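Undergrad: Dropping a structure here in structure tokens format, bear with me for questions.
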Amino acid sequence: MIYCKLHSRQFASACALLWAVSALAQNKPITLNVDATDAPRKILHARLRIPARTGPLTLLYPKWLPGEHSPSGPITDLVAVTMSAAGKSVPWRRAADDMFAFQLDVPAGADAVEVAFDFLMPPSSGGFSSGASATAQLVDLSWNYLVLYPAGAKSAELQYAATLRLPGGWKFGTALPLARESAGVLEFSPVSLETLVDSPLIAGAHFRTVDLSPGTKPSHALHIVADSAAALELKPEDVRRFSHLTSETGALFGARHYRGYSFLLTLSEHVAHFGLEHHESSDNRAPERMLIDEDLRKSWATLLPHEMVHSWNGKYRRPAGLATPDYHQPMNGELLWVYEGLTDYLGIVLATRCGLWTNQNFLENLALNAAMLDRQAGRAWRPLADTAVAAQLLYFARPEGAAWRRSVDFYREGDLIWLETDVLIRQKTQGRRSLDDFCKQFHGGESGPPRVVPYTLDDVVAGLNQVAAHDWREFFQSRVYATNPRAPLGGIEGSGWRLIYQDKEPDLLKYREAADKFTDVSFSIGLQVKEDGAVIDVVPGSPADKAGVGASMKLVAVNGRRWKPELLRGAIQFARTNDAPIELLVENEEFFRSCKLDYHDGERYPRLERDATKPDLLGEILKPLTPALEQGAGTK
Ligand SMILES: [Zn+2]
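The numbering of the sequence shown is my numbering, which starts it at 1 and goes up by one.
Okay, structure coming up:
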């Protein structure tokens, strides 16, 4: 544990020479007092006391956020910044070439700087942790909103002692160790800045904690906060599935790198929806009815497995370019196809192994991803590695034009590449070994408190070769670093399945369309359309593209009748039986245009079909490693 190590080091140095005592004085924790009682009004108040020496000082606001892989620190919403020392106001100025740096001169005789500011939480729901994070009923608190730190210091070496006041009656969950609670103020044990930023907190009026591994160490808790009490009604079978997830991760990796693990789950329509990984917790934000609406639950089934996998793949083992010493040094995302790609693959495998998904859900998801990637025009010019290097741009790119631009494809293409890796290992070792062995060897190690072990591509190649000898460098070179007009489908084919197209819409796509309010006919005419007709994207080379439909136009009518999803689908299917084109009336700003699609192949959706000439390796991959929990277990 970082906190304990630092303190034992401090205790030893206190017995040493005078210079060491002086160093200890400088090592006093920075205190952080947060008042979140105005969270329903979307304002947080913070006060910091930062030990300092006389002279120039630069204080930094966290810019590059771990897990967000981008300089997304919400500096614009830091307001009412005042600084003082020894009871006197101290002027500050922002560095003109660095929006995240505050410069000041610490006056003679002062041993600390007092900083006060407010943080304005945005009402919109875009972005990640800098997006909407508070409602009338709850708050998702990321400590990086609320800290400044001295430039030049490493986040693992700075100590912070935080307190927090919440609105009356609100309960909370966090992995941050609580020292005491008195008079409505939570007082946390001093921890490193790294641990503080790594330990967000959720709180609210409707709150529930479920113990997912009663009586075992380390503990696993599911903390849920929601906009309504009804949204907390977690079904017993889902409790068993989440419990099973924790036993499956233990069996897969063979060691755990946390003192206890907390799933923080926020259910609200008014917060940004995403997941953010941490060593000892994950910040998971989903629609309010995610636990009680079966279609929504299936749509979001991989969220918690994905974020939990990150405790091993992303936090403990981390690409060297993402293991930065503070929040100011730019990150290099080149290996995100390992950090996120392998996590995504393990997330969908674990969601199935623990029963959150059926095998059918897994197959439908894989088919949809493979088909989307296989038809994506942007892969002709952009290698997958560039989607990783440019992740800091692509996370924030608009959906219009995504097929030609490419998106953060290292997630979904990662599924295909790591499936192929898994299949190759199984084939080369006659089924004796698998990717599970690589995970245990590469991500397992010794159980204990959080720590970071960086890696390079060489380490990944060497690790795979220890499991099964192969030219893994060439394998990744051709799939990740070179452009490929077609998606890597070798894993699907090698595992005894093939990608085909048929006219029945997969259930998983129906769930997603209902959850995200869009219509996807991209596999037939090449269009994705929002509820209001706005065209999300057009697949280059598709019938809609050839007929002149463009992204950000608006679909008004289909064959002369006001459009709705079933009408569009009906027209596509009907065009099979005659030669008349499908006529789409589209609005392009204030101009209208009729686009005629010469398309007669009917509705088309991807599906995986079993290839009986080969063994079903996917079936093997999806088998749980641990027994499913029995009725009644894990429902405490
Ligand atoms: Zn992730």
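Ideal Cβ positions, reconstructed from N, Cα and C, are used throughout, including at glycine. From a predicted model like this one, the values you see are computed outputs, not experimental measurements.
Count Cβ pairs between the region 228-243 and the region 145-160 that sit closer than 8 Å; are there 3 or more?
TA: Because the criterion of three Cβ pairs below 8 Å is not met, the region 228-243 and the region 145-160 do not touch.
Undergrad: Using the C-alpha atoms, what's the distance from residue 407 back to residue 621?
TA: Working through the sequence shown from its first residue, we reach residue 621 at position 621. Working through the sequence shown from its first residue, we reach residue 407 at position 407. Computed Cα separation, rounded: 28 Å.
Undergrad: In terms of residue numbering, what span does the beta strand (DSSP E) encompassing residue 266 cover?
TA: Along the sequence shown, one-based indexing puts residue 266 at 266. Residue 266 -> beta strand (DSSP E) spans 260-267.
Undergrad: Measure the alpha-carbon distance for residue 47 versus residue 117 and round it to whole angstroms.
TA: Taking the first residue of the sequence shown as position 1, residue 47 is located at position 47. Taking the first residue of the sequence shown as position 1, residue 117 is located at position 117. Using only the alpha carbons, I get a separation of about 7 Å.
Undergrad: In three-state DSSP terms, what is residue 225?
TA: The count along the sequence shown starts at 1 and reaches residue 225 at position 225. Three-state result, residue 225: strand.
Undergrad: For residue 196 and residue 143, what's the separation of their Cα atoms in angstroms?
TA: Counting from 1 along the sequence shown, the entry for residue 196 is found at position 196. Counting from 1 along the sequence shown, the entry for residue 143 is found at position 143. Distance between the alpha carbons of residue 196 and residue 143: 6 Å.
Undergrad: So does residue 306 have its beta carbon nearer than 7 Å to some heavy atom of ligand 1?
TA: If you number the sequence shown from 1, residue 306 lands on position 306. Yes.
Undergrad: Answer with buried or exposed for residue 266, where buried requires no fewer than 16 other C-beta atoms within 10 angstroms of its C-beta.
TA: To locate residue 266, count along the sequence shown from 1; it is residue 266. Residue 266 is buried by the Cβ-count criterion.
Undergrad: Could you give the uninterrupted runs of the alpha helix (DSSP H) lying entirely in the region 187-254, keeping only those of 4 residues or more?
TA: Segments of the alpha helix (DSSP H) lying fully in the region 187-254: 193-197, 236-253.
Undergrad: Alpha carbon to alpha carbon, how far is residue 388 from residue 55? Give it in angstroms, no decimals.
TA: On the sequence shown, residue 55 is found 55 positions in, with the first residue counted as 1. On the sequence shown, residue 388 is found 388 positions in, with the first residue counted as 1. Their Cα atoms are separated by approximately 41 Å.
Undergrad: Since I believe residue 137 is in contact with residue 29 (beta carbons under 8 Å), could you give me their beta-carbon distance rounded to a whole number of angstroms?
TA: Along the sequence shown, read from residue 1 onward, the residue named residue 29 stands at position 29. Along the sequence shown, read from residue 1 onward, the residue named residue 137 stands at position 137. No, residue 29 and residue 137 are not in contact; Cβ-Cβ is about 32 Å, not under 8 Å.
Undergrad: Of the choices 371, 418, 395, whose alpha-carbon is the least far from that of residue 524?
TA: Here residue 524 refers to the residue found at position 524 of the sequence shown. The shortest Cα separation from residue 524 among 371, 418, 395 belongs to 371.
Undergrad: Just how far apart, CA to CA, sit residue 483 and residue 369?
TA: Here residue 483 refers to the residue found at position 483 when the sequence shown is read from its first residue. Here residue 369 refers to the residue found at position 369 when the sequence shown is read from its first residue. Rounded to the nearest angstrom, the two C-alpha atoms are 18 Å apart.
Undergrad: Buried or exposed for residue 191, please, with buried defined as at least 16 other CB atoms from any protein chain shown within 10 angstroms of its CB.
TA: In the sequence shown, residue 191 corresponds to position 191, counting from 1. So residue 191 counts as buried.
Undergrad: Counting only the same chain and skipping the five closest in sequence on each side, list residues whose C-beta sits under 6 Å from that of residue 553.
TA: Looking up residue 553 in the sequence shown gives position 553. Excluding residues within five positions, the ones whose Cβ falls inside 6 Å are 535, 586, 588.
Undergrad: Determine, using beta carbons only, whether residue 466 and residue 441 come nearer to each other than 8 Å.
TA: If you number the sequence shown from 1, residue 466 lands on position 466. If you number the sequence shown from 1, residue 441 lands on position 441. Yes, the pair counts as a contact, with Cβ atoms nearer than the cut-off.
Undergrad: If you reduce the DSSP assignment to three classes, tell me which class residue 83 lands in.
TA: Taking the sequence shown and counting its residues from 1, the one referred to as residue 83 is at position 83. In this structure, residue 83 counts as strand in the three-state DSSP scheme.
Undergrad: List, from N- to C-terminal side, the alpha helix (DSSP H) runs of 4 residues or more that fit wholly inside the region 337-404.
TA: With a minimum length of 4 residues, the continuous alpha helix (DSSP H) runs that stay inside the region 337-404 are 341-353, 359-374, 384-389, 391-394.
Undergrad: Taking the beta carbon of residue 623 as the centre, do at least 16 other beta carbons fall within 10 Å, making it buried, or is it exposed?
TA: Taking the sequence shown and counting its residues from 1, the one referred to as residue 623 is at position 623. Its Cβ having fewer than 16 others within 10 Å, residue 623 is exposed.
Undergrad: Determine the DSSP secondary structure at residue 570, reduced to helix, strand or coil.
TA: Within the sequence shown, residue 570 is the residue found at index 570, counting from 1. Correct three-state label for residue 570: helix.
Undergrad: What is the rounded straight-line gap between the Cα of residue 629 and the Cα of residue 211?
TA: Position 629 of the sequence shown, counted from the first residue, corresponds to residue 629. Position 211 of the sequence shown, counted from the first residue, corresponds to residue 211. Spanning the two alpha carbons is a distance of roughly 14 Å.
Undergrad: Looking at the structure shown, is residue 497 part of a helix, part of a strand, or coil, going by DSSP?
TA: For the purposes of this step, residue 497 is taken as the residue at position 497 of the sequence shown. Of the three classes helix, strand and coil, the one that applies to residue 497 here is strand, per DSSP.
Undergrad: Considering only the beta carbon of each residue, do residue 412 and residue 378 sit closer than 8 Å?
TA: Against the sequence shown, residue 412 aligns to sequence position 412. Against the sequence shown, residue 378 aligns to sequence position 378. No, Cβ-Cβ distance for residue 412 and residue 378 is not below 8 Å.
Undergrad: Residue 83 and residue 104 - do their beta-carbons sit closer together than 8 Å?
TA: For this step, residue 104 is matched to residue 104 along the sequence shown. For this step, residue 83 is matched to residue 83 along the sequence shown. Yes, Cβ-Cβ distance for residue 104 and residue 83 is below 8 Å.
Undergrad: Based on Cα-Cα distance, which residue from 567, 555, 566, 598 lies nearest to residue 576?
TA: Taking the sequence shown and counting its residues from 1, one reaches residue 576 at position 576. That would be 598, whose Cα lies nearest to the Cα of residue 576.
Undergrad: Would you mind giving the Cβ-Cβ distance between residue 638 and residue 247, rounded to the nearest angstrom? I have them listed as a contact below 8 Å.
TA: No statement about residue 638 is possible, as the shown extent of the chain runs from 1 to 636 and does not include it.
Undergrad: My output table needs one value for residue 45: the three-state DSSP class, helix, strand or coil.
TA: Residue mapping note: residue 45 aligns to position 45 of the sequence shown, counting from 1. Here residue 45 sits in strand by DSSP.
Undergrad: Taking 8 Å as the cut-off, decide whether the C-beta atoms of residue 584 and residue 618 are in contact.
TA: Residue 584 sits at position 584 when you count from the first residue of the sequence shown. Residue 618 sits at position 618 when you count from the first residue of the sequence shown. Contact flag unset, no.
Undergrad: Tell me, to the nearest whole angstrom, how far the beta carbon of residue 409 is from that of residue 384; I am working on the premise that it is less than 8 Å.
TA: On the sequence shown, position 409 is the one that residue 409 refers to. On the sequence shown, position 384 is the one that residue 384 refers to. So it is a contact: roughly 6 Å between Cβ atoms.
Undergrad: With a threshold of 7 Å (Cβ to nearest heavy atom), would residue 249 be considered close to ligand 1?
TA: Translated into the one-based positions of the sequence shown, residue 249 becomes position 249. No.
Undergrad: Looking at the unbroken beta strand (DSSP E) that takes in residue 605, where does it start and where does it end?
TA: Counting from 1 along the sequence shown, the entry for residue 605 is found at position 605. Its beta strand (DSSP E) spans residues 605-610.
Undergrad: Kindly indicate which three-state DSSP category residue 478 falls into: helix, strand or coil?
TA: As a first step, residue 478 must be located in the sequence shown, where it is residue number 478. The answer is helix: DSSP assigns residue 478 an H, G or I state.
Undergrad: With distances taken between CB atoms, is the gap from residue 607 to residue 506 smaller than 8 Å?
TA: In the sequence shown, the residue the question calls residue 607 occupies position 607. In the sequence shown, the residue the question calls residue 506 occupies position 506. Yes, they are a contact pair.
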